[in-house]
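**Student:** Take a look at the following structure, please.
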Amino acid sequence: YSEGHDCVGCVVVVSVIEQLAEVHNSSVQEAMERLCSYLPEKLFLKATCYYLVQMFGSDIIKLLGEAMNADVVCHALEFCKQDGIQSQCHLYPLPQEAWKFTLEKAKRILKRSSTVKYHRSG
Amino acid sequence: SNICSLPFLAKICQKIELSVKKSVPFKDVDSDKHSVFPTLRGYHWRGRDCNDSDKTVYPGRRPDNWDVHQDSNCNGIWGIDPKDGIPYEKKFCEGSQPRGIILLGDSAGAHFHIPPEWLTASQMSLKSFFNLPSALTDELNWPQLSGVTGFLDSTSGIEEKSIYHRLRKRNHCNHRDYQSISRNGASSRNLKNFIESLSRNQALDQPAIVIYAMIGNDVCNGKTDPVPEMTTPEQMYSNVMQTLKHLNSQLPNGSHVILYGLPDGTFLWDSLHNQYHPLGQLNKDVTYAHFFSFLSCLQVSPCNGWMSSNKTLRTLTSQRAEQLSNTLKKIATTETFTNFNLFYMDFAFHEIIEEWQKRGGQPWQLIEPVDGFHPNEVASLLLADRVWKKIQTQWPQVLGRENPFNSQIEEVFGDQGGH
């Protein structure tokens, strides 16, 4: 288990949230609630989901609201590491020059964000 | 954030961690390595215990006093026939040469599978994640549906059956005698860390058919340059000999070991690169080429050598795989052991692809959609079918005879207690 897996996990989950909102023509908030409602209670899966929504939901809503994709969201939330190598890793095809600009913009949005800074958990 | 740091969970976490690390059942009251619990290395992975408070009772053992008083080997056959006073186990199984099936495998053998429903927003519903707890506690593997030790009926509708399924059909006395000693990331190098979890008593148990199928991780890793980390033929020779010596000390006499070669994995890129990944199907934006590149960039690719746009690297990886297969072949033709016969079989995936295309299928339909790497259930069962047929024609002694009492066993014991 490594940090690379954090990044993959984040991009997959945020992609599913984004696509749920698209498919059901709903808000991101509703999409996250919907996803958590689908999970079983066993193994604290549903509870963990709501916990993560509480932790990261408002930032995800802000960034997806700015038409940023899962790659940008996960880099801004620091699930995808920022070191030289990994900062180029993204799943969705994106013109290279937009990547840096979009990432900087996302970080500015989070900086302005009122939510308490959280420590990225393993 | 670390749920295991909670005092009241610390102990159970410890037990689960040990179970995963040692690859032995989490719930095993009598510590005979067989369990009444499905996941956490339970009966999804090895024959279900029929008495979890008696360590002398477990699948695969020779019957205790012909099982007059209890089913000591959990094959569902025990007691005395009132008509003639002969114990059923003696009447139906004596001389039928019962044997177990044991897989020494990796994630492919354990049937690693992430259901695409978990990622497909357009079809997502309350039902989509019902199997998530079970899958997580089986490390995202589904050995109960795998090609070697699977005992559940296939979910893909294909008629081919697992090797265990066929062995049981051939001789009902083999009921519940299966073990999947497999692990995600397993290779010839690290098998020694969990081969102790194999349960077989050389004096008390039936012979076994052991399939050694480490089909990728000796050439697969996530490194940017995967070649230096690949197992060399010399290392392969040494690792496999170490494993075979261990098996010779543990397997009952009359066992058989089949060394399974490595595939030519270039079909992965060839079949998938321009197909859409499940995450890319809604907006037609993410192909497997993008997905492979993303995993490679993060250095978490399951196999950077084959899941790469670099043709030279793909070819190099297949060349090393072939060298390692030749090493296995060499061992099988030159080394002998007292307690088992040794055979080698090619992993001829192209034969499976041809068979599937004959049925109107496409090669990419044989690969797990979410990870784009593992053979899926259909491929596993087609491979099992090929292995079974090859053994039947080339080495029929490996499978033992057809038991003439199968129908009578069914009459008296029905499904023999199921799985």
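Listed in order, the protein sequences are those of chains C and Y. Each residue of the first sequence is one higher than the one before, starting from 1388 at the first, in the working numbering. Each residue of the second sequence is one higher than the one before, starting from 15 at the first, in the working numbering. Where a beta carbon is used, it is the ideal one built from N, C-alpha and C, also for glycine. As the structure is a prediction and not an experimental result, all values here were calculated from the model.
#1: If you draw a straight line from the alpha carbon of Val426(Y) to that of Trp92(Y), how long is it in whole angstroms?
#2: Run down chain Y in chain order and give the residues with a C-beta less than 7 angstroms from the C-beta of Cys1476(C).
#3: Take Ser194(Y) as the anchor and find which of Arg214(Y), Ala217(Y), Thr163(Y), Ile223(Y) has the nearest alpha-carbon.
#4: State the beta-bridge partners of Leu117(Y) as determined by DSSP.
#5: Have a look at Thr53(Y) and Ala124(Y) and give me their C-alpha separation to the nearest angstrom.
#6: Within the continuous beta strand (DSSP E) that includes Leu273(Y), where are the two ends?
#7: Is any beta-carbon of chain C found at less than 9 angstroms from that of Ser121(Y)?
#8: If you count every other CB in all the chains shown that lies within 10 Å of the CB of Leu23(Y), and 16 or more means buried, which is it?
#9: Taking the Cβ atom as the reference point for each residue, do Arg203(Y) and Thr245(Y) lie within a distance shorter than 9 angstroms?
#10: In chain Y, what lies closer than 7 angstroms to Val1440(C) by C-beta?
#11: What residue range does the beta strand (DSSP E) around Leu356(Y) cover?
#12: Going by CA-CA distance only, name the one from Asn353(Y), Arg184(Y), Lys35(Y), Pro247(Y) that's closest to Gly275(Y).
#13: Which runs of the alpha helix (DSSP H), 4 residues or longer, sit entirely within the stretch 1411-1479 of chain C?
#14: Using beta-carbon positions only, say whether Phe354(Y) and Leu261(Y) come within less than 9 angstroms of one another.
#15: Note down, in chain order, each residue of its chain lying with its Cβ closer than 6 angstroms to the Cβ of Tyr192(Y), except the 5 sequence neighbours on either side.
#16: Nearest-angstrom Cα distance between Leu117(Y) and Ile223(Y)?
#17: Going by C-alpha to C-alpha distance, which of His83(Y), Ser45(Y), Ile94(Y) sits closest to Tyr72(Y)?
#18: Go through its chain and collect everything with a Cβ distance to Thr350(Y)'s Cβ below 8 angstroms, but skip five positions before and after it.
#19: Among residues of its own chain, excluding the 5 on either side of Ser1508(C), which ones have a beta-carbon nearer than 7 angstroms to its beta-carbon?
#20: Counting only beta-carbon atoms, is Ala200(Y) nearer than 9 angstroms to chain C?
#21: What does DSSP give as the partner residues of Ile100(Y) in its beta bridges?
#22: What is the DSSP secondary structure of Asn297(Y), reduced to helix, strand or coil?
**Tutor:** Concretely, from the data shown:
#1: So the two alpha carbons sit approximately 10 angstroms from each other.
#2: Under the 7 angstroms cutoff, chain Y gives Phe308, Cys311, Leu312.
#3: Among Arg214(Y), Ala217(Y), Thr163(Y), Ile223(Y), the Cα nearest to that of Ser194(Y) belongs to Thr163(Y).
#4: In DSSP, Leu117(Y) forms a bridge with Ser194(Y), Ile225(Y).
#5: C-alpha separation (whole angstroms): 13 angstroms.
#6: Its beta strand (DSSP E) spans residues 269-274.
#7: It does not: the Cβ of Ser121(Y) has no partner Cβ on chain C nearer than 9 angstroms.
#8: Under this definition Leu23(Y) is an exposed residue.
#9: Contact flag set, yes.
#10: None at all; the shortest Cβ gap to chain Y is about 15 angstroms.
#11: Segment 354-359, the beta strand (DSSP E) holding Leu356(Y).
#12: The residue with the shortest Cα to Cα distance from Gly275(Y) is Pro247(Y).
#13: Within the stretch 1411-1479 of chain C, the complete alpha helix (DSSP H) segments of 4 residues or longer fall at 1415-1425, 1432-1452, 1457-1463, listed in chain order.
#14: Their beta carbons are under 9 angstroms apart, which means Phe354(Y) touches Leu261(Y) by this criterion.
#15: If we look at Tyr192(Y) and ignore the five residues flanking it on each side, its Cβ neighbours are Gly61, Ile115, Thr163, Tyr178.
#16: Near 8 angstroms, if we compare the C-alpha coordinates of Ile223(Y) and Leu117(Y).
#17: It is Ser45(Y).
#18: So the qualifying residues of the chain are Leu356.
#19: In this predicted model, Ser1508(C) has a pLDDT of only 37, less than 50, meaning its place in the structure is not dependable; the value taken from the coordinates is given anyway. Counting only Cβ-Cβ distances below 7 angstroms, and skipping sequence neighbours, we find nothing.
#20: Contacts with chain C at 9 angstroms (Cβ-Cβ) do not include Ala200(Y).
#21: According to DSSP, which records beta bridges pairwise, Ile100(Y) is partnered with nothing at all.
#22: Here Asn297(Y) carries a coil assignment [DSSP, helix/strand/coil].
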